[in-house]
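Undergrad:
Structure representation (structure tokens):
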């Protein structure tokens, strides 16, 4: 059987085709490539080491990216002559920790931390010729550098000397001397002019620990004025080219309403508030010569979950409040485990003028989302897009001359066998936005979601999905309208027991019961007292019947249990994810439960043999004369091999008694999903978990984003059609 991609390329083509020939299509950013920075390691290097893309910039021609990699102590470079096919250019080894980089022409100016201790900080500013990979100059900075920024005309650099505090000393509370300062250093014919280096004293300005300023980030406007954030001091300053402090003021506080401020509840409930939350800004960028934007990441005492536009005299021109976080909640990227901290944690901001559009991008470290705003009116920004990024976006660079935006994502989960650090490339193009693919935007109540697992087709144009045990106090059935692009969650049906949220569930499968309700499959975990079971719920989500597994099955159970359920007549069929104790190697059970006779049986299914990790089943769906399954490995990115839809003849699903030999069914490939999983320029996500088939044969596929826990939060939700 031949299937073709419908949800991404075809839907985008349809949307683009609906625009009249004489009407210009809307411009959007879409991701076109992802580059794992481990690819910059030389042949023979140990690739199991942590690497990280943090602060990033581009050469004047926009053809080469340069980024700092603190764990490796290198400056990485990427060839983006073809931005859809980035190529490694290798690493330049440095003599310390690179903290930031700014590129002027073909020279990278890198802040390098060489500190021996918090009390004896040191560092330098190095000039690296990008073509030859050689150092051409260096200035002693006298302290530990953080952010480096370049003047628009290439005449000087600004460096924030943070002299960061020891977070383990006195709970990290300021003051902790030595203090930080700002450095301004000139460039003469593109080379460092260390003799011009000027140290700008920032003590005595802030209301919080004025004797210990800790500059964090800098940006320079066209007038040559530097804005600097003093994050821990909750303060901002604007400094002239000659070092004069033109203005300085508190970053202030924000009252937050409608947020989730409680962790360890395993539920998304946005009814709490925080009053007087210090902004404590991290990243900063000028929008024009009179206005700049801050990303209010926060530190120990603050973090306002949003971003702010200030005038350079200190007036708040715009405050996002919780609106950005709310938009992120709706696309399934809310990091619930950060609820009691700083939520989505905006960290970086970058500005670029793309054609006539002045666009500001806000990077959220914990939600792994880049938010694009039109700031034509700095007092009334308009949210245009939310882009999926890698895990922990740290730095961005806008390249308007090539219609490109680039994110550097610092988190490297190599130790956990998960996603590596990536640089992601987006193109500003005449095309519909490819992301998000699923949203709860438009619901009367702010509705968060994530960790989508099982799917089932319902009435025409509707699917139902369940979340898994990540939201253990909020098990939910989501009704999804697939007639809209992106698909919309239009109802959240909470699964309850005796009127309260049902607990001890790990919902991995859902199917219709034929009478308005649902059968749900829960994957058990005996170590956590979560039973392997089936649950019959009514249309309101109330559990009416609980069906435990028979002793013949439970005697050999592991925690890798039911992953999907489908109904054929009176019989429920469940896919067991991995081998149980009585299964031959690389074979798993398809278990049958006759709801009328209350009897059990099973057959076996042979899995692909993995070279690395494991392969298992994630879903089962009956349609026509076949039963379709998702078979996947647990690998991610370039290591992924098996992500596919298979099918088994329905005629072979004849359940055999559990206490005897089980027949092995035959399977065939229906679709390799790896091309689909890379169709939007990202890396291959590991957890393809949901599959539903409409009456017309359209197959809907969903990935599980693990509740944005050690995950980018990206959910792919797309259709393939015969």
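Numbering (our numbering), first residue to last: 371 to 1092.
Idealized CB from N, CA, C, for every residue including glycine.
These figures come from a predicted structure and were not determined experimentally.
1) Does the separation of the CB atoms of residue 516 and residue 477 fall below 8 Å?
2) Using the Cβ count rule (16 or more neighbours within 10 Å means buried), how would you classify residue 1081?
3) Going by beta carbon distance, what residues of the same chain come within less than 8 Å of residue 1032, once the five residues before and after it are set aside?
4) Taking the continuous alpha helix (DSSP H) assigned at residue 922, which residues delimit it?
5) Any beta carbon of chain B sitting closer than 8 Å to that of residue 715?
6) Classify residue 1024 as helix, strand or coil using the three-state DSSP reduction.
7) If you pair each beta-carbon of the region 432 to 439 with each one of the region 450 to 457, do three or more pairs fall below 8 Å?
8) With a CB to CB cut of under 7 Å and the five nearest residues on each side skipped, what residues in its chain are close to residue 659?
9) If we call anything under 8 Å between Cβ atoms a contact, is residue 740 one with residue 777?
10) What do you reckon, are the CB atoms on residue 950 and residue 927 nearer than 8 Å?
11) Among the residues of its own chain, which have a CB less than 6 Å from the CB of residue 563, if the five just before and after it don't count?
12) Going by CA-CA distance only, name the one from 654, 597, 672 that's closest to residue 631.
13) In chain order, which beta strand (DSSP E) runs of at least 3 residues are fully inside the region 473 to 509?
14) Using a Cβ-Cβ cutoff of less than 8 Å, which residues in the same chain neighbour residue 525 once the five nearest sequence positions on both sides are dropped?
15) Can you tell which of 647, 560, 513 has the C-alpha that lies nearest to the C-alpha of residue 585?
16) Cutting at 8 Å between CB atoms, please list the residues of its own chain near residue 571, excluding the five before and the five after it.
17) For a test of the three-state rule: what should DSSP assign to residue 708, helix, strand or coil?
18) Going by DSSP in three states, residue 841 sits in which element: helix, strand or coil?
19) In three-state terms, what does DSSP make of residue 391?
20) Spell out the partners DSSP gives residue 603 in its beta bridges.
21) The beta strand (DSSP E) spanning residue 906 covers which residue range?
22) Does the distance from the C-beta atom of residue 588 to that of residue 497 stay below 8 Å?
23) Just checking my contact of residue 865 with residue 911 at CB under 8 Å: how many whole Å lie between their CB atoms?
24) By Cβ distance, which residues of its chain are closer than 6 Å to residue 484, with the 5 residues on each side in sequence left out?
25) If I follow the unbroken alpha helix (DSSP H) through residue 701, where does it start and stop?
26) Over what stretch of residues does the alpha helix (DSSP H) that includes residue 1047 continue unbroken?
27) Note down, in chain order, each residue of its chain lying with its Cβ closer than 8 Å to the Cβ of residue 504, except the 5 sequence neighbours on either side.
28) Taking only the alpha-carbon atoms, compute the straight-line gap between residue 576 and residue 1053 and give it to the nearest angstrom.
29) Quick check on the burial criterion: 16 or more other C-beta atoms within 10 angstroms. Buried or exposed for residue 1072?
30) Can residue 738 and residue 763 be called in contact, C-beta distance under 8 Å?
31) Quick check on DSSP: helix, strand or coil for residue 436?
32) If you check the beta carbons only, do residue 795 and residue 1049 fall under 8 Å apart?
33) Three-state secondary structure (DSSP) at residue 727?
34) Using a Cβ-Cβ cut-off of 7 Å (strictly less than) and excluding sequence neighbours within five positions of residue 742, which residues of its own chain qualify?
35) Based on Cα-Cα distance, which residue from 810, 823, 889 lies nearest to residue 850?
36) What do you get for residue 845, buried or exposed, if any count of 16 or more other CB atoms within 10 angstroms of its CB means buried?
TA: Concretely, from the data shown:
1) no
2) buried
3) 959, 972, 973, 974, 1026
4) 921 to 924
5) Of the protein chains in the structure, only one exists, and it is not chain B.
6) coil
7) In short, these stretches touch, since the Cβ pair count reaches three.
8) 591, 592, 593
9) yes
10) yes
11) 556
12) 672
13) 477 to 483, 493 to 499
14) The residues are 556, 557, 594.
15) 513
16) 551
17) helix
18) helix
19) Below a pLDDT of 50, predicted positions are generally treated as unreliable, and residue 391, at 34, falls in that range; the measurement from the model is reported next regardless. Coil at residue 391, not helix or strand.
20) Residue pairing by DSSP places residue 603 in no beta bridge whatsoever.
21) 903 to 907
22) Taking 8 Å as the Cβ cut-off, residue 588 and residue 497 do not qualify as a contacting pair.
23) 5 Å
24) 466, 492, 493
25) That residue, residue 701, is in no alpha helix (DSSP H); it is neither H nor E in DSSP.
26) 1044 to 1047
27) 498
28) The C-alpha of residue 1053 is placed about 44 Å away from the C-alpha of residue 576.
29) buried
30) yes
31) strand
32) Against a cut-off of 8 Å, the Cβ pair of residue 1049 and residue 795 comes out as no contact.
33) Under the three-state reduction of DSSP, residue 727 is assigned to strand.
34) Excluding positions up to five away in sequence, the list reads 399, 729, 731, 754, 755, 757.
35) 810
36) buried
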